[in-house]
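Below is one structure, written out as structure tokens; the observations come after it.
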Amino acid sequence: MLQELTGQVMQNRHLSQAQAETALELMLLEETPDVAIASFLSALAMKGETSDEIAGFARVMRRHVIAIRSKHHNTVDTAGTGGGLDTFNISTTAAFVIAGAGLPVAKHGNRAITSRCGSADLLTALGVDVTGSARVAESCLNEIGLAFMFAPHFHPSMKRVAAIRRQLGHRTVFNLLGPLTNPASAPFQIVGVYSPTLTEKIARSLAQLECRRAWVVHSQDGLDELSTGASARISESSADGVKTFEFDPRQFHMKPADWTSLHGGTPEQNAEITTGILRGKVKGAARDVVVLNAAAAIHLAADTDFCDAIRKAEESIDTGAAMEKVELLKKACA
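All letters in the sequence shown, in the order written, are residues 1275 to 1608 by our numbering.
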């Protein structure tokens, strides 16, 4: 059956969502030959994945995930696809700011794949144990309003294809699925993507997965985040459908900054940047870009004016609330 679906893809014919679900279920079977899985993934990457195909894969991953229950109705995730520029961990730092502003955050992430420091690497450097159980993550989310879910622990079925993905050495559909497979099913999301061609595609996939409201973002300077130095292409997924628009940070009086001022480094170096921002010691471009991205999530999940969301993000840092979330998470995960 997988060979038939591979043949269809090789003929440049798109799969239905149901066919995509079947394909992944077949790939997760031990009896499916590795070469058949590799052939399918390569063919799909060459054709280019559709929003239906991405949503189908995501549905299967959601069925197999170790889920956690959130008591909150407005949980946020700030995961992205990776593959952007080599900056410090902007979205993970923003997660602490969002949580400090009073919104629950279920951060879904992994160790570094396309950069030197992934979200799990940063948290480890901050002293957070990211290897805890689903019960620990659920308790963190419901008690302190912030949890980190280490993707390999919550998606054990993906071990079946991990070695094959490494051997292929190129992007596959799995590189797009992290933000679509949050174990807490966060209904509000800010999703950074590595290409402007992906914003609408991922937004349409999220719409099919019953995400309440999401922004899928790519900035013109190459950042897979909102940038203070360039306009961004945003595709918004909501109950009203999908709409795409240009976001100009200058309208919020953000001082323009080149992305090179946001360079990241090792996990230890990035942890120093993050704590510097959250303790109010690091100002300028690094703080501004974190505030901007945190404000976007606050704007979506709290349904508040963007200028007010910026104020709430700044208050989260200035009052120490964001840094307090770091300390609470460390203690809860110890």
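Virtual Cβ for every residue (Gly too), placed ideally from N, Cα, C.
Is the Cβ-Cβ distance between residue i and residue j less than 8 Å?
i, j, result
"T1280", "A1329", "no"
"S1459", "A1606", "no"
"V1350", "A1571", "yes"
"G1354", "V1465", "yes"
"K1381", "A1421", "yes"
"E1299", "V1334", "yes"
"I1418", "L1552", "no"
"L1480", "S1511", "yes"
"A1568", "I1372", "yes"
"R1478", "M1301", "no"
"A1394", "F1428", "no"
"A1292", "L1454", "no"
"S1509", "Q1494", "no"
"L1276", "Q1282", "no"
"G1374", "A1595", "yes"
"N1449", "G1515", "no"
"P1541", "T1398", "yes"
Hey, out of the options, whose CA is closest to residue i's CA?
i, options, result
"K1268", "L1377, Q1285, I1340", "Absent from the structure is residue 1268, since the part of the chain shown begins at 1275 and ends at 1608."
"F1521", "L1566, K1475, I1547", "L1566"
"L1303", "M1432, L1450, E1327", "M1432"
"A1560", "D1495, D1582, P1541, T1534", "T1534"
"I1387", "A1481, F1462, A1297, G1443", "G1443"
"F1580", "G1539, Q1525, H1288, P1457", "Q1525"
"T1360", "T1405, S1290, G1496", "In the sequence as presented, Thr is not what sits at residue 1360; that position holds Asp. When each option's Cα is compared against that of D1360, the closest is G1496."
"F1314", "A1576, A1297, G1554, G1539", "A1297"
"V1563", "A1583, T1502, G1383, T1540", "T1502"
"T1405", "P1426, L1415, D1592, N1416", "P1426"
"N1286", "E1295, R1385, G1322", "G1322"
"F1370", "S1389, L1396, Q1482, R1385", "L1396"
In or out: residue i buried (at least 16 other Cβ within 10 Å) or exposed?
i, result
"T1518", "exposed"
"E1499", "buried"
"C1391", "buried"
"K1599", "buried"
"R1507", "buried"
"E1484", "exposed"
"H1527", "exposed"
"S1365", "buried"
"G1617", "Because the chain spans 1275 through 1608 in this model, residue 1617 falls outside it and cannot be assessed."
"P1430", "exposed"
"S1407", "exposed"
Spell out the partners DSSP gives residue i in its beta bridges.
i, result
"S1681", "Absent from the model: residue 1681. The displayed extent of the chain is 1275 to 1608, so no value can be given."
"I1464", "W1489"
"T1361", "H1537"
"F1422", "K1381"
"A1506", "S1493, F1521"
"V1350", "V1379, F1462"
Using 8 Å as the Cβ pair cut-off and three pairs as the minimum, do the segment 1327–1346 and the segment 1307–1317 touch? no
For the segment 1481–1492 against the segment 1426–1441, do three or more pairs of beta-carbon atoms, one drawn from each stretch, fall closer than 8 Å, so that the two count as touching? Per the Cβ contact rule, the segment 1481–1492 is not in contact with the segment 1426–1441 (fewer than 3 Cβ pairs under 8 Å).
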